[in-house]
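Residue numbers (this note's numbering), protein chains in the order written: chain D, 6 to 247; chain G, 6 to 247.
In this text, a Cβ means the ideal position worked out from N, Cα and C, and glycines have one as well.
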DNA sequence: CGCCTTCTTGATGCGGTTCAAGTAAAGTGG
DNA sequence: CCACTTTACTTGAACCGCATCAAGAAGGCG
């Protein structure tokens, strides 16, 4: 089991520093590493799993669904994101979490959250920061789904995920990043049908703005893609890693 | 200035208890009460106001907008909700906050959040709970906007806001609750045009399911309204009030 | 009184859904 | 190893939910 001091995520450029004591404490709370296959349900909707996890490797997403099967993906989770905090705070998880790729989770003790707040206030604040940061991403998705056209949503999504993946250290030598979402996932994230998602994506491909095949996203013209999304860069905030 | 010990919100049935010490500490942090008129911008998008507020009286909402003026309301804020925590944690507020009615805000010191985490871990956990709870509401809006029909969204919204307003102690003797949103606001919340919002609302009126006039919402047949929304009740969680 | 905001209703049309069919690739079991 | 299934993607055609444009009615308010 990987000790947190040696966590590869610490090397990422946007991570804040921790003291050796903090790192040691966190590492002591870590109970296990859980592997999951792509497509696995990590937390079911309404489940009462009281563990809390962080995503060490792989991609996942949060979602909610309706009785008749319609599903909305709330946001995409990348390495370093916290999983299941809501389920810990509320009694039952208000949303499900599913693995997009093979995934490794770091599992922490059930009452770690309380001890964290009691004994490590600065880490507790970091945890709240991470939670609020996740919320911010969901707010962006809501703005897209509610008020942007299908084309704008798609361009927006690709710009943002490209940036997140790149800053998670996933950029390949050829400039592409892994992109494990199927068109069905994109549709559920953008509030579109799978068919229309396909058509919009192909428009972007034909214009040479992006290439998306075999799970790799390459952006041909980032400037132009941003223009389609009507989006201008905001400075990325430095994040803590719990 | 109202001391927190005498805060009328404490009487609400879904509020958790605090110790006298906790209450006294919170009350000491309270700096001022700010009044705002209906329609005022409380926090502008991208602003760096580092104060943190709680909503004492009145209604407000969080929103994000696009360069061309399209706007998405993220959720509605009622008395007891925290305002501006994101702006405190991030450097600039990722969303705006606007008053729907006349509003009174309790303002707290800028560095109160840090002291709260350092000296009052259980209150800090409450604050994180409130933040996560707000997120949950936004997740519900996203599910509606992304995957429900206009009719379902409208029914859902009315059911949820009716319930929230009622449990905030706003229920009137005749069974109605105040409802200060204009149809324009509803449209921006549901991701619809104002015109279509009007038509959907009238369908519900003609079916006798709701009445909505002069800022008062009355639900004629809650069971039927829920059926339209395809929604079944989840138990309301007990909340802390900071 | 005139202006602004909100609500209302009709007419028209587009952006997106739905249905349907077909291709390609990747399991899966005999 | 080959039938069989399953999943992802693609494309066409028809339709409809909702947006948009336009115009009018009914308050509030300076």
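**Request:** Determine, using beta carbons only, whether residue 98/D comes closer than 8 Å to chain G.
**Result:** Taking the first residue of the first chain as 1, we reach residue 98/D at position 93. Residue 98/D does not count as touching chain G.
**Request:** Would you mind listing the beta strand (DSSP E) stretches within the stretch 23–89 of chain G that are 3+ residues and don't spill past its ends, in chain order?
**Result:** Whole beta strand (DSSP E) segments, 3+ residues: 35–41, 46–48, 57–62, 65–70 and 76–82.
**Request:** Report the rounded CA-to-CA distance for residue 73/G versus residue 149/D, giving the unit in angstroms.
**Result:** Stepping through the second chain from its first residue, residue 73/G is reached at position 68. Stepping through the first chain from its first residue, residue 149/D is reached at position 144. Rounded to whole angstroms, the gap between the alpha carbons of residue 73/G and residue 149/D is 14 Å.
**Asked** Does DSSP classify residue 19/G as helix, strand or coil?
**Response** On the second chain, residue 19/G is found 14 positions in, with the first residue counted as 1. Residue 19/G sits in coil when the DSSP states are folded into three classes, being neither helix nor strand.
**Request:** Measure the CB-CB distance between residue 94/G and residue 143/D and report whether it falls below 8 Å.
**Result:** Here residue 94/G corresponds to residue number 89 of the second chain, with the count starting at 1. Here residue 143/D corresponds to residue number 138 of the first chain, with the count starting at 1. No; because the gap between Cβ atoms is not below 8 Å, this pair is not in contact.
**Item:** Pick from 46/G, 63/G and 57/G that is closest to residue 69/G, judged by C-alpha positions
**Value:** Mapped onto the second chain, residue 69/G falls at position 64. Out of 46/G, 63/G and 57/G, 46/G has the C-alpha closest to the C-alpha of residue 69/G.
**Request:** Provide the residue(s) that pair with residue 218/G in DSSP beta bridges, ordered along the chain.
**Result:** Taking the first residue of the second chain as position 1, residue 218/G is located at position 213. BP columns for residue 218/G point to 221/G.
**Request:** Please check if any C-beta of chain G sits within less than 8 Å of the C-beta of residue 133/D.
**Result:** Looking up residue 133/D in the first chain gives position 128. Answer yes: the Cβ-Cβ gap between residue 133/D and chain G drops below 8 Å somewhere.
**Asked** residue 93/G by DSSP, collapsed to three states: which one?
**Response** Your numbering for residue 93/G matches position 88 in the second chain. Three-state result, residue 93/G: helix.
**Message:** If you follow the beta strand (DSSP E) that residue 104/G is in, where does it begin and where does it stop?
**Reply:** For the purposes of this step, residue 104/G is taken as residue 99 along the second chain, with counting starting at 1. Counting along the chain, the beta strand (DSSP E) containing residue 104/G begins and ends at 101–104.
**Item:** Backbone CA spacing between residue 209/G and residue 215/G [nearest angstrom]
**Value:** For the purposes of this step, residue 209/G is taken as residue 204 along the second chain, with counting starting at 1. For the purposes of this step, residue 215/G is taken as residue 210 along the second chain, with counting starting at 1. CA-CA distance, residue 209/G to residue 215/G, rounds to 6 Å.
**Request:** Ignore the nearest five residues each way along the sequence and tell me which others in residue 78/G's own chain have a CB closer than 6 Å to its CB.
**Result:** Taking the first residue of the second chain as position 1, residue 78/G is located at position 73. Contacts found: 66, 68, 193 and 194.
**Request:** Establish whether the CB of residue 212/G and some CB of chain D are separated by less than 8 Å.
**Result:** Looking up residue 212/G in the second chain gives position 207. Chain D places no beta carbon closer than 8 Å to that of residue 212/G, leaving this residue out of the contacts.
**Asked** By the 10 Å Cβ neighbour count, where 16 or more other Cβ atoms means buried, how is residue 6/G classified, buried or exposed?
**Response** One-based indexing of the second chain puts residue 6/G at position 1. Within a 10 Å sphere around the beta-carbon of residue 6/G sit fewer than 16 other beta-carbons, which makes this residue exposed.
**Message:** Counting beta carbon pairs with one atom in the stretch 105–119 of chain G and one in the stretch 96–115 of chain D, are three or more of them shorter than 8 Å?
**Reply:** Using a Cβ-Cβ distance cut-off of 8 Å, the stretch 96–115 of chain D and the stretch 105–119 of chain G are not in contact, since fewer than three pairs of beta carbons, one from each stretch, lie closer than that value.
**Request:** Go through its chain and collect everything with a Cβ distance to residue 229/G's Cβ below 8 Å, but skip five positions before and after it.
**Result:** What you label residue 229/G is simply residue 224 of the second chain in a count that begins at 1. Here the set comprises 212 and 214.
**Request:** Let me know the secondary structure DSSP gives residue 194/G once reduced to three states.
**Result:** Residue 194/G sits at position 189 when you count from the first residue of the second chain. DSSP places residue 194/G in helix when its eight states are reduced to three.
**Message:** Rounded to whole angstroms, what is the Cα-Cα separation between residue 170/G and residue 59/D?
**Reply:** If you number the second chain from 1, residue 170/G lands on position 165. If you number the first chain from 1, residue 59/D lands on position 54. Distance between the alpha carbons of residue 170/G and residue 59/D is about 36 Å.
**Item:** As assigned by DSSP and simplified to three states, the class of residue 9/D
**Value:** Residue numbering aside, residue 9/D sits at position 4 when the first chain is read from its first letter. In the structure shown, the three-state DSSP call for residue 9/D is helix.
**Prompt:** What does residue 143/D touch in chain G if you count any residue whose Cβ is under 8 Å from its own?
**Reply:** The count along the first chain starts at 1 and reaches residue 143/D at position 138. Annotation: Cβ neighbours of residue 143/D in chain G (cutoff 8 Å, chain order): 140, 143, 144 and 147.
**Request:** For my contact list, residue 159/G and residue 205/G are in at a C-beta cut-off of 8 Å; report their separation, rounded to the angstrom.
**Result:** Within the second chain, numbered from 1, the residue matching residue 159/G stands at position 154. Within the second chain, numbered from 1, the residue matching residue 205/G stands at position 200. Going by Cβ atoms, the distance from residue 159/G to residue 205/G rounds to 5 Å, so yes, they are a contact pair.
**Request:** Could you say which of 196/G, 188/G, 84/G and 184/G lies nearest to residue 221/G if we only look at CA atoms?
**Result:** Along the second chain, read from residue 1 onward, the residue named residue 221/G stands at position 216. It is 184/G whose Cα lies nearest to the Cα of residue 221/G.
**Message:** Bridge partners for residue 113/G per DSSP, in chain order?
**Reply:** Within the second chain, numbered from 1, the residue matching residue 113/G stands at position 108. 35/G and 57/G.
**Prompt:** Which residues in the same chain as residue 49/D place their Cβ atom closer than 7 Å to its Cβ, once the five residues preceding and following it in sequence are excluded?
**Reply:** To locate residue 49/D, count along the first chain from 1; it is residue 44. Once the five neighbours on either side are set aside, the close Cβ partners of residue 49/D are 101.
**Prompt:** With residue 141/D and residue 27/G assumed to form a contact (beta carbons below 8 Å), what rounded beta-carbon distance in angstroms separates them?
**Reply:** In the first chain, residue 141/D corresponds to position 136, counting from 1. In the second chain, residue 27/G corresponds to position 22, counting from 1. With a Cβ gap of about 29 Å, residue 141/D and residue 27/G do not count as contacting.
**Item:** Simplified DSSP state of residue 183/D, which is helix, strand or coil
**Value:** Start at 1 with the first residue of the first chain, and residue 183/D comes out as number 178. DSSP places residue 183/D in strand when its eight states are reduced to three.
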